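Asker: Here it is, the structure in full.
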Amino acid sequence: MKAFETFHPIVLFSFFVATIGLSMIFMHPVYLTITIFSAISLNIALRRQLFFKDWKLYVPLFFLMAIINPMISHNGQLVLLYVNGNAITVEAILYGIAIATMIVAIMLWFSCYNVMMTSDKFIYLFGKVSPALSLTLSISLRLVPRFKHQLTQIVQAQKVIGMDFTTGSLWHRIKCTVRILSILITWALDNAIDTADSMKARGYGVKKRTAFSIFIFERRDGFVLAMIILLFFSNLVASFIGTTTYYFYPTFGAVKWDMTSILFYISYVILLSIPLVFEIWGALKWRSLKSTM
Amino acid sequence: MQKNIRLIISFIVILVFIPLSLYAGITIFADRKYYFVSIVIMILACVPFFLSFERRKPQPREILVIAVMSAISVAGRALFVVTPGFKPVAAITAITGFSLGAEAGFLTGAISALVSNMFFGQGPWTPFQMFMWGMIGFIAGLLGKTRLMHKKIPLILFGIFAGIFFSFGMDVWGTISMYGVFSWKAYALALTSAVPFMIIYCISNVIFLLLLAKPISEKLDRIKNKYGILQ
Amino acid sequence: MAIVKIDNVSFTYPNEAIPILKNINLTIQQGEFIVLIGQSGCGKSTLLRHFKRELRPHGTVTGNIFYKDYDLEKLNAEVAATDIGYVFQNPDNQIVTDKVWHELAFGLESLGVDSPIIRRKVAEMANFFGIEKWFHQKTTELSGGQKQLLNLASIMVMQPKLLLLDEPTSQLDPIAALEFIQTLHRLNKELGITIILIEHRLEEVLPLADRVLIMDEGSILFDGPPKEILNSLPADHAMITALPAATKIFHLLNGIGPIPLTIREGQRWLSNQPYNCSSLHTPHTTTQNKSDVVLEAKDIAFRYEKKGRDIVHHFNLQVKGQEFLTIIGGNGTGKSTVLSILSGLQKPYHGKIFLFSKALKSYSSKQLYQQYLTILPQNPKSLFVQKTVLLELNDMAQLHKVTEAKIQETVQLFNLTHLLNRHPYDLSGGEQQKLALAKLLLIEPKILLLDEPTKGLDAHSKEGLAEILKDLQTKGTTIIMVTHDIEFSAQYSDRCALFFDGSIVSEDEPRAFYSGNNFYTTAAHRISRDILSNAITCEDVVTLCKKTFV
Chain A
1 MKAFETFHPI VLFSFFVATI GLSMIFMHPV YLTITIFSAI SLNIALRRQL FFKDWKLYVP
61 LFFLMAIINP MISHNGQLVL LYVNGNAITV EAILYGIAIA TMIVAIMLWF SCYNVMMTSD
121 KFIYLFGKVS PALSLTLSIS LRLVPRFKHQ LTQIVQAQKV IGMDFTTGSL WHRIKCTVRI
181 LSILITWALD NAIDTADSMK ARGYGVKKRT AFSIFIFERR DGFVLAMIIL LFFSNLVASF
241 IGTTTYYFYP TFGAVKWDMT SILFYISYVI LLSIPLVFEI WGALKWRSLK STM
Chain B
1 MQKNIRLIIS FIVILVFIPL SLYAGITIFA DRKYYFVSIV IMILACVPFF LSFERRKPQP
61 REILVIAVMS AISVAGRALF VVTPGFKPVA AITAITGFSL GAEAGFLTGA ISALVSNMFF
121 GQGPWTPFQM FMWGMIGFIA GLLGKTRLMH KKIPLILFGI FAGIFFSFGM DVWGTISMYG
181 VFSWKAYALA LTSAVPFMII YCISNVIFLL LLAKPISEKL DRIKNKYGIL Q
Chain C
1 MAIVKIDNVS FTYPNEAIPI LKNINLTIQQ GEFIVLIGQS GCGKSTLLRH FKRELRPHGT
61 VTGNIFYKDY DLEKLNAEVA ATDIGYVFQN PDNQIVTDKV WHELAFGLES LGVDSPIIRR
121 KVAEMANFFG IEKWFHQKTT ELSGGQKQLL NLASIMVMQP KLLLLDEPTS QLDPIAALEF
181 IQTLHRLNKE LGITIILIEH RLEEVLPLAD RVLIMDEGSI LFDGPPKEIL NSLPADHAMI
241 TALPAATKIF HLLNGIGPIP LTIREGQRWL SNQPYNCSSL HTPHTTTQNK SDVVLEAKDI
301 AFRYEKKGRD IVHHFNLQVK GQEFLTIIGG NGTGKSTVLS ILSGLQKPYH GKIFLFSKAL
361 KSYSSKQLYQ QYLTILPQNP KSLFVQKTVL LELNDMAQLH KVTEAKIQET VQLFNLTHLL
421 NRHPYDLSGG EQQKLALAKL LLIEPKILLL DEPTKGLDAH SKEGLAEILK DLQTKGTTII
481 MVTHDIEFSA QYSDRCALFF DGSIVSEDEP RAFYSGNNFY TTAAHRISRD ILSNAITCED
541 VVTLCKKTFV
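Protein chains in written order, with the UniProt record's numbering: chain A, 1 to 293; chain B, 1 to 231; chain C, 1 to 550.
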């Protein structure tokens with residue numbers, strides 16, 4: 001059950017821009033913890049199988065990044081040891097971990113983005129800003145699978161006349177590849193003329209285009225969008241007054257636990273857990289609907 | 001004439017505006033928000049091209065050539081399982097730039113990156129790829145005007161340049177995404193470790209440019225002649 | 001009311017001496033269903049494009065075209081775009097966007113229509129065409145027939161008054177083609193839309209037409225109701241072969257009275273004739289063992305993905321030397337897959353293929369494709385690399401060290417001399433097919449495999465193809481062809497096999513095969529089966545009837 005996905009694309013997109021944008025800026029331990037845990041939970045909710053596969057990639061990446069920073073940066077006061085006369089410091093290690101956390105969190109947010117913001121949603125939103133480009137994008141997206149199919153046909157036809165691109169010397173393979181690409185390009189450009197005619201025949205360029213979509217902006221979309229914007233600004237305020245600022249160098253700053261800071265932390269938690277809340281809520285609702293049926 | 005003005009404006013944006021905002025970004029966000037700033041800059045850098053394309057109400061045929069060439073660079077990847085490291089994107093983008101001008105070149109490169117990532121997954125690297133491939137197309141478009149690009153030596157030089165340019169550019173991203181900050185030391189490290197890839201990029205670019213430049217521009221010309229104006 | 005009036009229009013393409021349209025005069029009434037026919041190169045497509053301002057070809061034009069008494073040239077751009085709709089031949093090329101719903105909305109978006117109105121109109125059209133089920137799909141996932149229906153629907157949302165269609169069914173399989181034509185009929189009858197249709201499938205289309213236009217070398221040779229076609233066409237005109245079977249039989253037997261167009265009319269007419277020859281049998285052409293088996297498939301099973309379903313299974317086939325075998329069967333059932341398995345391009349996961357009694361696997365691909373077999377792809381363009389026909393042949397010759405004399409011989413055989421300097425993409429469909437064949441046959445394969453070679457060809461080009469194939473056969477080539485084209489298979493092949501659900505379910509020589517089938521059979525057989533037991537082509541019917549009528 002994918003519940004958040006059914007919201008209007010503008011809601012989804014705003015959420016991801018806000019989330020990913022803020023996650024890139026905030027290097028505060030509390031904020032990092034919030035973003036990585038929200039991202040992991042949403043990943044588990046949305047793409048469980050794939051997520052557990054991805055771990056194999058993320059864990060080494062995480063450690064690699066965490067290790068590299070202390071090798072390069074020798075700032076900090078808590079020196080652990082010296083390697084070739086360079087100080088390895090606790091600050092640098094923790095900073096490396098912080099950076100690694102941020103980057104992995106962003107990767108995880110993007111993988112949720114890829115699940116929810118399907119290409120048609122992106123094209124629709126993009127079309128509101130840039131109709132011609134969004135159309136170009138839409139055409140291109142349609143052509144890719146078509147070209148792939150045509151490629152397999154050309155590859156087979158060429159294999160029969162002795163131009164097999166999978167065998168022979170490297171030079172032969174390159175020559176065949178170029179030949180196949182060349183055939184594809186001629187074919188594609190020739191067919192494109194028909195497509196251009198078909199666009200003209202249907203009045204392209206006669207008037208300023210409108211962007212139709214099957215997406216409907218409902219009241220709940222307005223409500224959630226307002227919430228995202230509000231929370232986004234409250235987090236900007238937090239950044240402005242310094243709640244989100246944290247120093248690793250020369251040595252660690254202090255994490256504030258006063259009332260204001262806690263409220264701001266909570267606002268970040270709420271923003272980042274919006275999709276997860278809808279996912280859980282949606283799942284529960286389905287269960288109760290099913291049981292009453 | 002109008003076209004020239006657009007070109008000059010794009011130039012100003014790339015050479016003045018971007019370094020300026022880069023500088024501003026680093027000084028204003030003094031506590032090293034490179035990750036964020038770099039992505040924003042890359043997105044901003046693409047905006048003027050998109051805007052000017054939008055403004056002049058492109059003809060269907062122009063839209064299609066850009067869409068077709070981008071789709072070919074993406075679909076064409078399937079062919080390169082047997083020649084590892086080879087990617088046709090830069091070469092196809094460059095050739096489109098040679099024949100159709102700087103703007104079409106940029107758009108082909110940028111859209112190739114965007115569409116490619118729609119199939120393989122978007123990530124924070126998308127804006128970088130868009131800009132780097134776009135710029136290869138853009139520069140190719142500028143050079144295409146000089147009529148030099150029909151000769152072999154300039155093609156070879158351009159292929160090498162495109163390979164190095166792409167490598168250097170993407171390594172800026174690589175450095176930032178690995179260390180969270182930009183340091184020259186880390187950049188140098190990234191560059192040296194990427195040398196083998198860079199060489200493959202250069203070689204594949206050169207080969208594809210030499211083999212594809214003539215046939216593709218002939219095909220584009222044929223379409224131009226047979227069906228009237230393209231540009 | 002006249003919807004279109006063409007007043008003395010002539011048109012010449014740039015760099016051509018002779019005009020392709022010569023002094024055309026034509027008035028089309030609102031609500032007419034017009035079928036426009038003629039041999040390839042007669043100018044019918046050029047004429048059709050003149051009705052649609054946005055698609056007018058480049059060149060010099062004289063004369064005037066009026067749409068509802070307005071000069072088409074000066075018509076308001078919005079009216080021109082909406083009122084006149086155009087459907088192209090290739091279903092794939094005219095689709096612009098990646099989603100079905102977006103494609104339907106494309107035209108209205110271009111005209112700046114507001115979303116709520118688009119929503120309503122799109123819903124209406126999706127309903128009329130039965131598109132709801134695949135409304136949310138990607139356009140690339142549709143079948144050919146669905147694509148063409150989508151193209152029609154996305155023009156219909158703009159509420160055109162005049163619909164122009166240039167061979168819209170030529171790339172479709174027979175069932176999808178019939179569905180498309182019936183939809184057109186519905187649009188004409190239920191909504192009163194004027195239709196001008198260029199079409200090769202006269203069997204299905206002529207009975208629906210109010211009026212037929214036959215073009216010949218840039219002029220209109222015939223303009224009238226379909227029932228009067230024979231009266232004004234010269235008896236040996238090339239278009240006669242393209243007419244429906246009933247009409248052709250009627251013509252060849254010098255029938256008098258109203259012309260039969262449909263199968264039913266044909267049956268009725270034939271049963272009222274003095275030919276009473278139910279007892280007469282044409283002798284079965286004896287299928288003697290011409291030679292040994294050259295290609296044999298034993299218990300083949302194949303699937304594309306490990307967890308997919310079997311496309312081919314329990315597949316057995318024997319092909320004898322110098323035989324012409326056609327494999328017929330429904331669309332998307334895997335006939336093309338069979339060809340690629342037989343040619344070694346796809347490997348079966350079970351079973352074996354023997355070529356000249358040796359396992360296919362034991363041949364190197366060089367040996368296999370240079371000495372034994374070749375396959376003509378469904379899309380001949382997959383073979384074209386060069387700028388001209390001559391370079392195309394030389395390219396192949398270079399790859400395989402073919403002599404200059406052989407090239408000359410092939411050029412003669414395929415009658416390509418006048419095309420040598422043309423770009424392969426500028427040739428007609430039939431000519432492209434010929435060039436592709438010529439290219440492949442330079443290496444003189446022993447076995448020739450063809451994938452739907454008659455797709456999109458007109459009657460004349462089909463005859464040309466048949467001649468070439470027959471000629472090859474006499475020179476010793478074995479031919480295996482996969483096709484939807486029952487008529488072609490019945491007329492020219494030595495043996496027919498029906499492919500269904502992954503294997504060959506029945507096979508026989510054509511006469512026995514088609515007279516044994518009830519549904520999967522030729523028009524001539526359906527017309528004549530009450531009085532003739534095994535006539536399967538028009539020629540059969542005529543010979544048999546003439547024999548009894550002394």
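Beta carbons: idealized from backbone N, C-alpha and C, even for Gly.
Because the structure is a prediction, the values reported are computed rather than measured.
1. Give the DSSP-derived three-state secondary structure of histidine 149 (chain A) in the structure shown.
2. How long is the line joining the alpha carbons of proline 88 (chain B) and asparagine 518 (chain C), rounded to whole angstroms?
3. Pick from A:Phe240, A:Trp109, A:Phe278, A:Ile10: whose alpha carbon is nearest that of proline 124 (chain B)?
4. Is alanine 213 (chain B) helix, strand or coil when you go by DSSP?
5. Which residues in the same chain as serine 279 (chain C) place their Cβ atom closer than 6 Å to its Cβ, once the five residues preceding and following it in sequence are excluded?
6. Looking at leucine 390 (chain C) and leucine 420 (chain C), is the spacing between their C-beta atoms short of 8 Å?
7. For alanine 105 (chain C), decide whether its Cβ has a neighbour in chain A, counting only Cβ atoms nearer than 8 Å.
8. Which residues of chain B have a Cβ atom closer than 7 Å to the Cβ of asparagine 114 (chain A), listed in chain order?
9. So, helix, strand or coil for isoleucine 34 (chain C), using DSSP?
10. Is there a C-beta anywhere in chain A that falls below 8 Å from the one on histidine 58 (chain C)?
11. If you draw a straight line from the C-alpha of isoleucine 40 (chain A) to the C-alpha of glutamate 132 (chain C), how long is it?
12. Which word fits threonine 89 (chain A), buried or exposed, when buried means at least 16 other C-beta atoms lie within 10 angstroms of its C-beta?
13. Just to make sure I have the definition right: I need the residues of chain A whose C-beta is within less than 8 Å of the C-beta of alanine 90 (chain B). Which are they?
14. Can you name the residues of chain B whose CB is closer than 8 Å to the CB of valine 144 (chain A)?
15. Among all the DSSP beta bridges, which residues are the ones paired with histidine 525 (chain C)?
16. Taking only the alpha-carbon atoms, compute the straight-line gap between phenylalanine 36 (chain B) and methionine 27 (chain A) and give it to the nearest angstrom.
17. Tell me the rounded alpha-carbon separation between leucine 295 (chain C) and lysine 347 (chain C).
18. What are the start and end residues of each continuous alpha helix (DSSP H) run of 4 or more residues lying completely inside the stretch 2-84 of chain C, in chain order?
19. Alpha carbon to alpha carbon, how far is phenylalanine 250 (chain C) from glycine 266 (chain C)?
20. Rounded to whole angstroms, what is the Cα-Cα separation between lysine 189 (chain C) and glutamine 29 (chain C)?
21. From A:Phe122, A:Met107, A:Gly85, pick the residue whose C-alpha is nearest to that of phenylalanine 51 (chain A); which is it?
22. Could you tell me whether the Cβ atoms of glutamate 5 (chain A) and methionine 116 (chain A) are closer together than 8 Å?
23. Beta-carbon of alanine 213 (chain B) versus every beta-carbon of chain A: anything under 8 Å?
24. Would a check of beta-carbon distances place valine 206 (chain A) closer than 8 Å to chain B?
25. Use the C-beta contact count for histidine 58 (chain C): other C-beta atoms within 10 angstroms, 16 or more gives buried, fewer gives exposed.
26. I'd like the list of long-range same chain contacts for threonine 244 (chain A), defined as Cβ closer than 7 Å, with 5 residues on each side in sequence excluded.
27. Applying a beta-carbon distance threshold of less than 7 Å, which residues of chain B neighbour phenylalanine 215 (chain A)?
28. Per the DSSP calculation, valine 83 (chain A) is bridged to which residue(s)?
29. I'd like to know if glycine 112 (chain C) contacts chain A, where contact means its C-beta is closer than 8 Å to some C-beta of that chain.
30. Counting contacts by CB-CB distance shorter than 8 Å, is leucine 125 (chain A) in contact with chain C?
31. With burial defined as no fewer than 16 other Cβ atoms inside 10 Å of the residue's Cβ, what is the status of glutamine 371 (chain C): buried or exposed?
32. Pick out the complete alpha helix (DSSP H) segments inside the stretch 151-208 of chain C, 4 residues or longer, and give them in chain order.
33. Between leucine 230 (chain B) and chain C, is any beta-carbon pair separated by less than 8 Å?
34. Just curious, the beta strand (DSSP E) that histidine 251 (chain C) is in, first and last residue?
35. The beta strand (DSSP E) spanning leucine 355 (chain C) covers which residue range?
36. Can you give the Cα-Cα distance for glycine 130 (chain C) and serine 143 (chain C), rounded to whole angstroms?
Answerer: This is what the structure gives:
1. Assignment of histidine 149 (chain A) by DSSP, reduced to helix, strand and coil, places it in the helix class.
2. Across the structure, proline 88 (chain B) and asparagine 518 (chain C) are spaced so that their CA atoms are roughly 54 Å apart.
3. Minimum Cα-Cα distance from proline 124 (chain B) among the listed residues A:Phe240, A:Trp109, A:Phe278, A:Ile10 corresponds to A:Trp109.
4. DSSP places alanine 213 (chain B) in helix when its eight states are reduced to three.
5. With a pLDDT of only 48 at serine 279 (chain C), under the threshold of 50, the placement of this residue in the model should not be trusted; the figure read from the coordinates follows. So no residue of the chain qualifies.
6. Taking C-beta atoms as the reference points, leucine 420 (chain C) and leucine 390 (chain C) count as a pair closer than 8 Å.
7. Cβ-Cβ to chain A under 8 Å: yes for alanine 105 (chain C).
8. Within chain B, the residues Gly121, Gln122 have their CB atoms less than 7 Å from the CB of asparagine 114 (chain A), given in chain order.
9. When secondary structure is reduced to three states using DSSP, isoleucine 34 (chain C) falls in the strand class.
10. Cβ-Cβ to chain A under 8 Å: no for histidine 58 (chain C).
11. Roughly 38 Å between the two C-alpha positions.
12. With 16 or more other Cβ atoms within 10 Å, it is buried.
13. Listed along chain A, no residue sits closer than 8 Å to alanine 90 (chain B) by beta-carbon distance, the nearest being about 14 Å off.
14. Chain B residues near valine 144 (chain A): Ala71, Val74, Ala75, Val115, Phe119.
15. Per DSSP, none; premise fails for histidine 525 (chain C).
16. If you take the alpha carbons of phenylalanine 36 (chain B) and methionine 27 (chain A), they lie about 12 Å apart.
17. The alpha-carbon atoms of leucine 295 (chain C) and lysine 347 (chain C) are separated by roughly 16 Å.
18. DSSP runs (the alpha helix (DSSP H)) wholly in the stretch 2-84 of chain C: 44-50, 77-83.
19. Answer to the nearest angstrom: the Cα atoms are 8 Å apart.
20. The alpha-carbon atoms of lysine 189 (chain C) and glutamine 29 (chain C) are separated by roughly 14 Å.
21. Minimum Cα distance to phenylalanine 51 (chain A) is reached at A:Met107.
22. Yes, they are a contact pair.
23. Taking Cβ atoms only, chain A never reaches closer than 8 Å to alanine 213 (chain B), which makes this a no.
24. Not an interface residue.
25. By the neighbour-count rule (16 or more Cβ atoms within 10 Å), histidine 58 (chain C) is not buried but exposed.
26. Excluding positions up to five away in sequence, the list reads Phe26, His28, Tyr31, Ala238.
27. Identification of chain B residues near phenylalanine 215 (chain A) by a Cβ-Cβ cut-off of 7 Å yields none; the smallest Cβ-Cβ distance measures about 18 Å.
28. Answer by DSSP bridge pairing, in chain order: A:Asn86.
29. Taking 8 Å as the threshold, the shortest C-beta distance from glycine 112 (chain C) to chain A falls below it.
30. The beta-carbon of leucine 125 (chain A) is placed no less than 8 Å from the nearest beta-carbon of chain C.
31. Under this definition glutamine 371 (chain C) is an exposed residue.
32. Here the runs fully enclosed are 174-191, 202-205.
33. Low confidence applies here, because leucine 230 (chain B) scores a pLDDT of 43, under 50, leaving its location unreliable; read the following figure in that light. Not an interface residue.
34. Not the beta strand (DSSP E): histidine 251 (chain C) falls in the alpha helix (DSSP H), residues 245-252.
35. In the DSSP assignment, leucine 355 (chain C) falls within the beta strand (DSSP E) that extends over 350-355.
36. Between glycine 130 (chain C) and serine 143 (chain C), the C-alpha separation is close to 14 Å.
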